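See below for the structure under consideration.
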Amino acid sequence: MAIARRANGTAHRDRIVSLVAGGGGFLGSHLCEALAAAGHRVICIDSFLTGAAENLAGVAGTPAFDLVEQDICTPIRIPGRIDRVFNLACAASPPRYQADPVHTMLTCVVGTKNLLDLAERKGARFLQASTSEIYGDPERHPQNESYLGHVNCTGPRACYDEGKRAAEAMCFDFLRAGRADVRVARIFNTYGPRMQPDDGRIVSNLVAQGLGGRAMTIFGHGEQTRSFCYVADLVRGLRALMDRGRPPEGPINLGNPEECTINALARLIAELAGVPLRVQRKPMPQDDPQRRRPDITRAAAELGWHPEIGLREGLGETIEWFRSRLAALSAVPAAEELRLAGE
442 MAIARRANGT AHRDRIVSLV AGGGGFLGSH LCEALAAAGH RVICIDSFLT
492 GAAENLAGVA GTPAFDLVEQ DICTPIRIPG RIDRVFNLAC AASPPRYQAD
542 PVHTMLTCVV GTKNLLDLAE RKGARFLQAS TSEIYGDPER HPQNESYLGH
592 VNCTGPRACY DEGKRAAEAM CFDFLRAGRA DVRVARIFNT YGPRMQPDDG
642 RIVSNLVAQG LGGRAMTIFG HGEQTRSFCY VADLVRGLRA LMDRGRPPEG
692 PINLGNPEEC TINALARLIA ELAGVPLRVQ RKPMPQDDPQ RRRPDITRAA
742 AELGWHPEIG LREGLGETIE WFRSRLAALS AVPAAEELRL AGE
């Protein structure tokens, strides 16, 4: 482990020092930029197993940004003050977290423990990026934080679902023991610029396929639903949760409660991208949720947070970002090689 870029000049003693694990990923890189813009000194730790250095182009090389290239499954020793720790370090798309399920589970459990230990040593606030996958294929709709979930604990998605559930349990054990100031966000489907075209998530799949002139892959009947939150809104929610004076008593859902079927999503993407709607259907992956919509009552009441960017506006921004990278789409695997699922 080495700090690749060190803050130069003064020690920036007046800045909040925020560590973002997984800061080279889609969501993490947007969070790094937002924190830097707010005046934080930002330390990004990432193994780049699924993240990309190019995602950090907006902050890399700036005086108040440090990069640590490391897997959080190994002990974390970073000198100096750290005020806040954001744990976003885990593959979030089903093809990627299922590619090495043991490592996914270890990242959720061992990696989270290493970061909690760091927060305890530094006296830092800790925010765990959990997931709507906690709820599995839910039998309650919409899903609020009191719902205990309907998860297959031995299925192909369990490495992620159960890993995140175990990480939450450990976070609240640290909180109850007074070892760390812990906050947990259950993040629902998030989309926006910097999604990888080959990551297997539904928005990136359909946009990449449509712009690449291929049929859009829809699994099952397409009437299963998701609720899509634009990345800028989600980052605001994470920051609001971390800025809250005291940790909430339990997890808080962050997501957009505007529910959309996959068929409707494909139609909207085709319309906004100006491409013909061509669809190929594939069998539904095992344990794929049929409905997903967050109840964000707690987020509104305790954080004053709600999404502001609608699906049409956010998809327009996302499509234009993908369009500007059309040259990269030729490297996207064929649709039948992708296994699309919940996130």
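Heads up, our numbering is the position in the sequence shown plus 441, with the first residue counted as 1.
Ideal placement from N, C-alpha and C gives every residue a C-beta, glycine not left out.
Since the structure is predicted, the reported quantities are computational estimates derived from the model, not experimental observations.
Among the options, nearest to residue i - alpha-carbon criterion
i	options	result
A533	G492, L472, D578 and P692	G492
T503	L490, T515, V483 and C514	V483
L709	R562, V500, M657 and S587	M657
L557	R719, N585, C612 and G521	C612
R537	P597, K554 and H582	P597
R687	G641, L616, P638 and D640	L616
D640	S765, W746 and P535	P535
L490	D541, L476 and W762	D541
W746	A501, M683, K723 and G755	M683
G619	T572, A565 and P748	A565
R562	G604, I517 and N585	I517
L652	A475, F763 and G499	F763
P583	G465, V623, S470 and T666	T666
G469	L529, S488, V623 and E609	L529
L497	G678, S587 and F467	F467
G691	G654, G463 and L589	L589
V720	R733, S488 and F660	F660
Backbone CA spacing between residue i and residue j [nearest angstrom]
i	j	result
N449	V625	Residue placement at N449 cannot be trusted, given a pLDDT of 38 that sits under 50; what the coordinates show is reported in the next sentence. Straight-line Cα distance between these residues: approximately 33 Å.
I703	E664	6 Å
E777	Y632	Here the model assigns E777 a pLDDT of 42, short of 50, so the residue's position is not dependable and the matter cannot be decided.
S645	R680	25 Å
V550	G480	31 Å
D729	R456	43 Å
V592	Y576	7 Å
M442	V461	Because M442 carries a pLDDT of 47, less than 50, the predicted location of this residue cannot be relied on, and the following value inherits that uncertainty. So the alpha carbons of these two residues sit roughly 16 Å apart.
D507	C531	20 Å
V676	L472	6 Å
V458	D614	25 Å
E574	I519	31 Å
I693	I737	8 Å
G552	I628	18 Å
D602	C594	8 Å
C670	R522	33 Å
I486	L744	27 Å
L568	A707	33 Å
Residue j beta carbon less than 8 Å from that of residue i
i	j	result
V648	I760	yes
A570	V526	no
G696	N630	yes
I513	T548	yes
P579	S668	no
L752	E699	yes
Secondary structure of residue i, DSSP reduced to three states
i	result
Q584	strand
C670	strand
V676	helix
P724	coil
C514	coil
I693	strand
T545	helix
E609	helix
C594	coil
I575	helix
T702	strand
R482	strand
A501	coil
P535	helix
V509	strand
D684	helix
Residues bridged to residue i [DSSP beta-bridge criterion]
i	result
L589	None; L589 has no bridge partner.
N528	A462 and Q569
A626	A570 and I693
Residue i CB to nearest heavy atom of the ligand MG below 7 Å
i	result
E495	The ligand content of the structure shown is nil, which means the ligand MG is not present either.
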